[in-house]
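J.: Residue numbering for the sequence shown is 4 to 112, as defined by the working numbering.
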Amino acid sequence: MNLNINGHHLEVTPAIRNYVIEKLDRVKRHFDHVIDASVTISVVKLVQRADVTLHVRGKDIHAEASHENLYAAIDALADKLDRQVLRHKDKLTNHNHTPMKHQVVEEAE
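(1) Assuming Val-50 and Glu-67 form a contact by the criterion Cβ under 8 Å, report the distance between their Cβ atoms to the nearest whole angstrom.
(2) Within a Cβ cutoff of 7 Å, which residues of the same chain sit near His-12, ignoring the five residues on either side of it in sequence?
(3) With DSSP run on the structure shown, which of helix, strand or coil describes Lys-62?
(4) Kindly confirm or deny that the segment 52-62 and the segment 75-89 touch, where touching means at least three C-beta pairs closer than 8 Å.
(5) Between Leu-27 and Ala-81, is the Cβ-Cβ spacing less than 8 Å?
(6) For Ala-18, does the count of other Cβ atoms within 10 angstroms reach 16, so buried, or fall short, so exposed?
(7) Roughly how many angstroms separate the alpha carbons of Thr-16 and Leu-57, rounded to a whole number?
(8) Taking 8 Å as the cut-off, decide whether the C-beta atoms of Ile-38 and Val-23 are in contact.
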């Protein structure tokens, strides 16, 4: 997974970078087919905001969170992204019908 972390009106320190990587590992653990992730961390007045766009095969998943504390915003972002990735994974693997070769055919008399 290619990871790009940007800061807007904020310098991305190694501590913040490691924290984001640690939180995104949970998403990677649930879904292996992540191609690219782009994280933007910004500060507007007293509100810390974190955005992520996750590129998976056939879809882009976007999540954003804001909070007064930057680490709390990253935590909320990771939770939202994890839910969206699990929902996407479920849609890929869940087929609500029985295949024709497994259906029982009743013979008419």
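All C-beta atoms in this analysis are idealised placements derived from N, C-alpha and C, irrespective of residue type, glycine included.
T.: According to the structure data:
(1) Contact doesn't hold; Cβ gap of about 12 Å is too wide.
(2) Excluding sequence neighbours, His-12 sits near Ser-45, Val-46.
(3) Lys-62: strand per DSSP, three-state reduction.
(4) Touching, per the Cβ criterion.
(5) Between Leu-27 and Ala-81, the gap from beta carbon to beta carbon is short of 8 Å.
(6) The residue is exposed, with fewer than 16 neighbouring Cβ atoms inside 10 Å.
(7) Cα to Cα, the separation comes out at about 22 Å.
(8) Contact flag unset, no.
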